[in-house]
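Numbering (my numbering), first residue to last: 21 to 461. In this text, a Cβ means the ideal position worked out from N, Cα and C, and glycines have one as well. Treat the numbers as computed from the prediction; the structure is a model and nothing was measured. Here the structure comes first, spelled out in structure tokens, and everything after it is commentary.
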Amino acid sequence: MVLDKKSSDWVHKSTTESPATGALFTDDGAELDNVLDPTLAFPTYTRYAVVASCFVIQGLSCGLVHSWGVQQEYLAANVYVGEPSKIKTLGYIGTLMYFSLYLWGMLAGWLAEVWSYRKLCFIGIVIMALGQLLASFCKEPWQLCLTEGIVFGLGIGLVFSPTSTAPARWFTKRRGLATGIAVAGVGVGGLVIAPLTEFLVRETSVEWSLRISAIYIIVLGSIACYFVRVPFQDKTRTLRNFDWHAFGDRRFAIHACMVFFVTAAYIVPYAFLPEFWVAKGLSSQTASVLIAVANVASSVGRVATGFAADYIGVLNSLVLCLAIASISCYVLWPFATGVGVGVVMGLCYGFTAGGYWSLAPLAAGKLFGIDKLASNAGIFYTVSAVGAWLGGPVAGAILSGPGHGTNYIGMSVYVGVLWLAALVLAVVNRTLFSKSILAKI
């Protein structure tokens, strides 16, 4: 087994070529000597434990981001009633979390590669728990911005990139499926933690819901962190010899622009579809159910698109995924005024938009090498932070502009254009990689 330089996959070849330049070490610091496939140096269960642990950490981090809305609604309705400025400040916290989730990607990816996936994730988990604990003692929204938005945001930013990319380092034939299962923790975490948070807020208080979340973060997260590792690390790489050559690669720039457009588009339907459905005459409860359908479809899509990538190719799956997401915004959203088309919209958009997050790190590995996946994917996640920061406000400005108001056509066209731009860039990169239409890439 050796590393194929073009595809960055492990392949069978009759040669003694080393799988990576420089000295190879396990995540514990033990040197690997004369091991052509480093994964063979570990028990078989190790790779599955890595996938499971990444699933748990992704669920804890992103699930708590999704559950913040429960606490925000309670504070706005019961604590800061009649204080519009404070309620407005509460609205910034979710944006700060979402922004921080991606902002620290470049730093986290590079630290994971040159230092340790496990230790970095453990530090992230501790910071997440600290952010929740400090938030439980806050009395003002600006204090919650610092603790939940910035401190907790730093924690989730440190764990997101390593846990998104570690599973791919352990698999070849089932790399897509492994990554899909790991990142599906985002959706499952939201489905579990949001109702749990609602129960804790109702039965105790927001303060104690935050303290209890700090406890289960540190307990479950610490256990999961123990199993997060990669089969080898090149210890000749340090923080001082960062590889800047990737920024001069045309494909790298194209992929970065694609990531920006996707992230700017991704969150908009989730944020605005509920009020769109209410504006079209559906009840708020029905709108909540339709968004739940989209979230479930997102979790399924993350696994299914990863599975598909193993059979039809990562870049092919990415192109198909972006195409369906774009079509759903243009063709389905304007007509999703009833439950029937609303369900179809939720299923199609949730499935493909969620599936993108499985394919994003896989595509980075395919295009730029699996051995530098964490650092490269981390760079793209940092680019995502810009898209996450700009996408929603621009959509809101379009909605509130002259001639719109409750007319969501402009917004749906805007989101569709972003997905379409990402699709064009993905097709360009796929063509640069191989001009063969039938190639499995």
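Leaving out five residues on either side along the sequence, give the residues of the same chain with a beta carbon under 6 Å from the beta carbon of residue i.
i      : result
Gly407 : Phe280, Thr283, Ala284
Arg2   : As displayed, the chain neither begins before 21 nor continues past 461, which places residue 2 out of reach and without an answer.
Ala132 : Leu140, Pro182, Ala394
Ile461 : Gly333, Leu335, Phe453, Ser454
Who are the Cβ neighbours of residue i in its own chain at under 7 Å, not counting the five residues just before and after it?
i      : result
Arg322 : Gly200, Val203, Ala204, Gly207, Gly374, Gly375, Trp377, Ser378
Phe296 : Tyr428
Thr183 : Cys74, Ile77, Gln78, Cys141, Ala202, Val248
Ala405 : Phe119, Tyr122, Leu123
Lys300 : Thr357
Ile274 : Leu445, Val448, Asn449
How many Å lie between residue i and residue j at the Cα?
i      : j      : result
Tyr434 : Ala415 : 7 Å
Leu140 : Leu110 : 29 Å
Gly209 : Ser319 : 10 Å
Ser10  : Leu164 : Look at the range of the chain in this structure, 21 to 461, and you will see that residue 10 is not part of it.
Val101 : Tyr137 : 44 Å
Ser346 : Arg271 : 22 Å
Gly358 : Gly430 : 19 Å
Ser420 : Thr185 : 39 Å
Gln253 : Ile287 : 34 Å
Pro63  : Cys277 : 40 Å
Leu440 : Ser105 : 37 Å
Asp330 : Leu84  : 30 Å
Lys159 : Lys108 : 15 Å
Ala61  : Val90  : 46 Å
Leu367 : Gly125 : 29 Å
Ala72  : Pro289 : 29 Å
Give every residue of the same chain whose Cβ lies closer than 8 Å to the Cβ of residue i, excluding the five residues on either side of it in the sequence, and list them in chain order.
i      : result
Val361 : Leu352, Phe355
Leu116 : Cys165, Glu168, Gly169, Ile170, Gly173
Gln92  : Leu110, Gly111, Ile113, Gly114
Asp53  : For Asp53, the predicted model reports a pLDDT of 48, less than 50, meaning its position is unreliable and no value from the coordinates is stated.
Given that a residue counts as buried once 16 or more other Cβ atoms are within 10 Å of its Cβ, and exposed if not, what is residue i?
i      : result
Glu464 : With the chain running from 21 to 461 in the structure shown, residue 464 is simply not present.
Leu338 : buried
Val226 : buried
Ser181 : buried
Phe292 : buried
Val456 : According to the sequence shown, residue 456 is Ser rather than Val. Exposed: under 16 other Cβ atoms inside 10 Å.
Gln152 : buried
Trp130 : buried
Asn315 : buried
Pro381 : buried
Are the region 316 to 331 and the region 387 to 397 touching, with three or more C-beta to C-beta distances below 8 Å?
In short, these stretches do not touch, since the Cβ pair count stays below three.
Assess, as a yes-or-no matter, whether the region 76 to 87 is touched by the region 141 to 148 under the definition of 3 or more beta carbon pairs within less than 8 Å. Result yes; three or more Cβ-Cβ pairs closer than 8 Å.
Quick one: any contact between the region 212 to 223 and the region 191 to 200, if contact means 3 or more CB pairs under 8 Å? By the Cβ test, the region 212 to 223 is not in contact with the region 191 to 200, since fewer than three Cβ pairs between them sit closer than 8 Å.
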